[in-house]
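Quick notes on the structure that follows.
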């Protein structure tokens, strides 16, 4: 079977994770207990998830012309993601997420950096890539004007679009009307005014709720040991894109994505636990929902 083309347009970040016994008070300096740098960004995460699950994945995005940018591009390439359309931006830093972790809780500051340069003009250079896509995946860590531009173009050219509305912000009505599916979690969905038939709501271990033929449908979660839930939503979106691009039914795609997301929480880091296709198929055969 020929691999299906999934195009991800979105953010590419380096996550800098510091762990400590507690979060320092304002003006306080304290010793941390650990530090990791982890490739991230919702766009890059979803691209990696889709690539591991067997799709032909193209990433459209920007990094800075700094050492982080080189690391981020090399990571995508190792994962089999095509990076011909990821450009370093001169004199601009790569996007970073500074993450403080303590007692199972975290505080995060995201600095977009080069992600702000994923503009409509930038994307316009690569419309031929979008034209060849079986599905396009978007998130909200790049400028909203770019989201509007891409969804409008895809709508006019009958190219399916998955919008992962995270981090949550107000999304223009035109975007919500033009995308094919919207994939909020149970918190994000309360901020969206969108037709129910487009909604696929992820609810963690409770599974996924979606609407079909005017009725609420539910796909239960899988029972797995949880190490780190970071990136589970990104894994879900990448997996959903893969199965929909392959023309599986919506229910089949949601079960596949649900299984992939469940497997992803067994290891540390957004990309660290993202599974292979064979692992997902094996879990689906075993059940465990």
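In the working numbering, the protein residues as written are 1252 to 1540. We treat Cβ as the ideally placed atom computed from N, Cα and C, and that holds for glycine.
- Query: Quick one: what does DSSP say residue 1443 is sitting in, helix, strand or coil?
  - Reply: coil
- Item | Extent of the continuous beta strand (DSSP E) run through residue 1318 | From DSSP, residue 1318 is part of no beta strand (DSSP E) but of the alpha helix (DSSP H) over 1318-1329.
- Starting from the C-beta of residue 1439, find all residues in its chain whose C-beta is less than 7 Å away, skip the five residues before and the five after it, and write them out in chain order. 1416, 1417 and 1419
- Given residue 1337 as reference, the closest of 1389, 1260 and 1301 once Cα atoms are compared: 1260
- Item | Pair within 8 Å by beta-carbon distance, residue 1511 and residue 1481 | no
- Item | Whole-angstrom distance between residue 1309 and residue 1333, CA atom to CA atom | 5 Å
- Message: Is residue 1330 near the ligand HEM - that is, is its Cβ less than 7 Å away from at least one heavy atom of it?
- Response: Absence of the ligand HEM is noted for the structure shown, with no ligands found whatsoever.
- Where residue 1252 sits in the DSSP three-state scheme: With a pLDDT of only 49 at residue 1252, under 50, the local geometry of the prediction cannot be trusted, and no value is derived from it.
- Could you tell me if residue 1273 is buried or exposed, where buried requires 16 or more neighbouring beta carbons within 10 angstroms of its beta carbon? exposed
- Item | Limits of the unbroken alpha helix (DSSP H) element including residue 1353 | Taken as a continuous stretch (DSSP letters only), residue 1353 belongs to no alpha helix (DSSP H), being part of the beta strand (DSSP E) at 1346-1353.
- Message: Please classify residue 1277 as buried or exposed, where buried requires at least 16 neighbouring CB atoms within 10 angstroms.
- Response: exposed
- Quick one: using the 10 Å Cβ neighbour count with 16 as the cut-off for buried, is residue 1395 buried or exposed? exposed
- Task: Determine, using beta carbons only, whether residue 1394 comes closer than 8 Å to chain B.
- Result: Among the chains of the structure shown, chain B does not appear; only one protein chain is present.
- Message: Using C-beta distances below 6 Å, list every residue in its chain close to residue 1524, excluding the 5 sequence neighbours before and after it, in chain order.
- Response: 1515, 1517 and 1518
- Message: On a Cα-Cα basis, can you pick out the residue from 1292, 1281, 1303 and 1266 that is closest to residue 1530?
- Response: 1303
- Message: If I measure Cβ to Cβ from residue 1252 and keep anything under 7 Å in the same chain, skipping five residues before and after, which residues do I get?
- Response: Reliability fails at residue 1252, whose pLDDT of 49 lies under 50, so the model's placement of it is uncertain and no value is given.
- In or out: residue 1378 buried (at least 16 other Cβ within 10 Å) or exposed? exposed
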